[in-house]
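1 is the number of the first residue of the sequence shown in my numbering; add one for each residue after it. Beta carbons are placed, not taken as given, at the ideal position from N, Cα and C, and that holds for glycine. Just so we're clear, the structure is a prediction, and the values are computed from it rather than from any experiment. Below is one structure, written out as C-alpha cells, with a few remarks after it.
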Amino acid sequence: MRRQIVIGNWKMNGDSRSNRELLDGLTNAWTGVHQSEVAVCVPYPYIAMAADALDNSNIGLGAQDVSQNDNGAYTGDVSVSMLTDFGCRYVLVGHSERREYHRESSELVARKFKKAYENGLIPVLCVGETLEEREADKTFDVVGGQLHKVVNLCGLDGLAKGIVAYEPVWAIGTGKSATPQMAQDVHSYIREVLGPEGDQIRILYGGSVKPDTAEDLFKQKDIDGALVGGASLKAEDFVAICRAAE
Ligand code: PEP
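This is the structure:
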C-alpha cells in the first residue's frame, strides 16, 4: 500500500511573521496520528525557523531546490548536507519554475535527484507538459522523456527512492486544474513507465489543487497525494487538502 502524501510548496512567499503564523496554524490543526503524510517545502531562509516549529509535529520539512554538488565554490547554491543538517527530509527537484526560469535541463535535474537520495533526502521529481505540448499531443512524450533522464542515471531502483509529482505546467498557479481523469491518465502512464518498481512509487498530482478539488483527485487509483502551491499558504486550505487525503 502506498501512503498518501500532501506536500506544500510555499515558493518565494512570506516573511518571518506570516510564516510563523502559517506554521502555528498548521501545527495546531494537524495534531495526532494520521494515515497520510504531510510536509512543507519552505524558502531557504525560513528552514531553521520551520525546523524548530515543526519539531515534535507530524509535519515533515523540505526545501524547494538543491545543488547537484557536495560543497565548494558554488555561490548561491545550497547542498544536500546543509538541508539535512537543518532537519529537511524532502526536496523538490525539477519544478517547472526552475526548469523555465533557471534553464534547468532534465540531465541536471537527474543529477540533483541522485545527489539527494544518495545523501539522505527524499527527492520529489516534478514532471509535466506545457499547454503547447499538450495541444500538440506530446504529453506522454514530454513526461516520459523527463522520467527517462532520471532512470538513465539512477535506474528504476534509484527512482523508487523518491517521489514523482505530475504537474502540468498549464495548471500551476493558473486556477485551471487538470480534471481527475486527465490526471489519472498521465499517472497511469507514469506508473507504466516505472515498470516493476512502479507499484511502490508515490505519484502526486500538482496544479491548482484546492480544498474543493482534492477529494475527487485523490479518489483516482494512481494519484497518491498532491503537491500544493497557492493553497498551501493558507493553513485552513492546506489542512483541508491534507484531510481529503486521509
Ligand atoms: C506548485 O507550485 O507546485 C503548484 C502546484 O502550484 P499551485 O498549486 O499554485 O498551482
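Just verifying my parser: in three-state terms, what is the DSSP assignment at E135? helix
(request) Out of E21, Q64 and Q4, state which residue places its alpha-carbon closest to the alpha-carbon of Q35. (result) Q4
| said: Taking the beta strand (DSSP E) that N9 belongs to, which residues open and close that run? | reply: I5 to N9
Can you tell me which of L227, K219, R2 and Y46 puts its alpha carbon nearest to the alpha carbon of N19?
Y46
Q. What does a CB cutoff of less than 6 Å around G87 pick up in its chain, not counting 5 residues either side in sequence?
A. A51 and L61
Check your understanding: Once you ignore the five residues that flank L131 on each side, which residues in its own chain have a CB closer than 6 Å to its CB?
Key -> W170
Determine, using beta carbons only, whether D65 and R111 come nearer to each other than 8 Å. no
Q. So which of S96, T174 and P123 has the shortest CA-CA distance to A160?
A. P123
Assess, as a yes-or-no matter, whether the segment 13 to 28 is touched by the segment 67 to 84 under the definition of 3 or more beta carbon pairs within less than 8 Å. no
Let me check you understand the geometry: is the CB of V209 closer than 7 Å to at least one non-hydrogen atom of the ligand GDP? Questions concerning the ligand GDP fall outside what the structure shown contains, since the ligands it does hold are the ligand PEP.
Check your understanding: Mind checking R134: buried by the 16 CB within 10 Å criterion, or exposed?
Key -> buried
Mind checking which residues open and close the alpha helix (DSSP H) that includes A50?
I47 to L54
When V33, V38 and L217 are compared against A235, the one with the closest alpha-carbon | V38
Supposed contact pair G158 and K114 - C-beta distance, whole angstroms, cut 8 Å = 7 Å
Practice problem: Counting only the same chain and skipping the five closest in sequence on each side, list residues whose C-beta sits under 8 Å from that of T84. | Solution: N119, G120 and L121
I believe I241 touches V6 by the beta-carbon criterion, under 8 Å. Please report the beta-carbon distance rounded to the nearest angstrom.
6 Å
*The beta strand (DSSP E) spanning A63 covers which residue range?*
I59 to A63
* Asked: If we count the other Cβ atoms within 10 Å of its Cβ and call it buried at 16 or more, is P196 buried or exposed?
  -> exposed
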